[in-house]
Each structure stands twice: as structure tokens, then as C-alpha cells.
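Take a look at the structure set out below.
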Amino acid sequence: MFSATINDKTFSVEKNEKGITVADKLVDWDIQPIDGRKFHLIKNHQSYEAELVSIDKESKILQIRLNKKLVEVSLKDRFDLLLEEMGMEDVAGSAVQDIKAPMPGLILDLKVKPGDEVKK
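Read left to right, the sequence shown gives residues -8 to 111 (my numbering).
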């Protein structure tokens, strides 16, 4: 399960054995890919053209052009929702400022200098 926010309205989205539900309603859309980023949708006998303009994987934000109108969709997966439920939504994106030792002691040698980039 995840949530999608469009124009300050949040919808729960879930995929199960019946199909895809949005706000607890089973969606009956005919979706046909046109190419890698464009799709043709039919909902309630109305035709839509959708194009995936950009994806920001870090912030989980999609920009979709729907019938020539640009729409921004913000997504939260189950882990984001769990952190939010626990009151820890700001923790996920925060950067570590200080490194603390698991056990206090004397540091004998450092292999990096100030300003060096360290990769995990």
C-alpha cells in the first residue's frame, strides 16, 4: 500500500488480487502504453493522454502531463507511512551530522582528511 498526493488531496492506493484500488474503490481503467513515457487511458468512456515528464526518486515526486495539463504527484510507500505514523517522518531525509562511537575510547589514527568524501 502507498499514498499519492495530488493538489493537496491524498489517496490511498493498493494493488491486490482484484486489481488496483484508489481510496478503497476498484479502478477500471484501460491503460495502453504508447511508448516508454506516454500512455493512453480510458476511464468512464473518456479518453486521456498521459506522459511521464519526470521522476525524482529521492523525494518520490512524479510530474505527469495529463491531457496537456502538468500534474505533480507525491508518493509515500509503506515505510514512509510507517515512519509518519510513528512521528518520525523528518528522520528519513535528514543527513547525519555527527558520527558517534559505539564505545568510548582513544582514536589512534584517521584515514580521511576534513572535506574528503567517504563512501559506504
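Even glycine gets a Cβ: it sits at the ideal position worked out from N, Cα and C.
Keep in mind it's a predicted model, so treat the numbers as computed, not measured.
About 20 Å separates the beta carbon of TYR39 from that of LEU66, a gap too long to meet the 8 Å contact definition. Annotation for ASP21: ILE33 place their beta carbon closer than 6 Å to its own, counting only its chain and skipping 5 residues before and after. Using a Cβ distance threshold of 7 Å, GLN54 and GLU42 do not count as a contacting pair. Short of 6 Å from the beta carbon of SER(-6), and not among the five residues preceding or following it, lie these beta carbons of its own chain, in chain order: THR1, SER3, LYS67. Closest by C-alpha distance to LEU72, out of ILE98, ARG28, LYS51, is LYS51.
When DSSP states are grouped into helix, strand and coil, LEU53 belongs to the strand group. Judged by DSSP in its simplified three-state form, ASP21 adopts strand. Nearest to VAL44 by C-alpha distance, out of HIS36, GLN37, ASN35, ASP26, is ASP26. For ASP47, the enclosing beta strand (DSSP E) stretches over residues 37 to 47.
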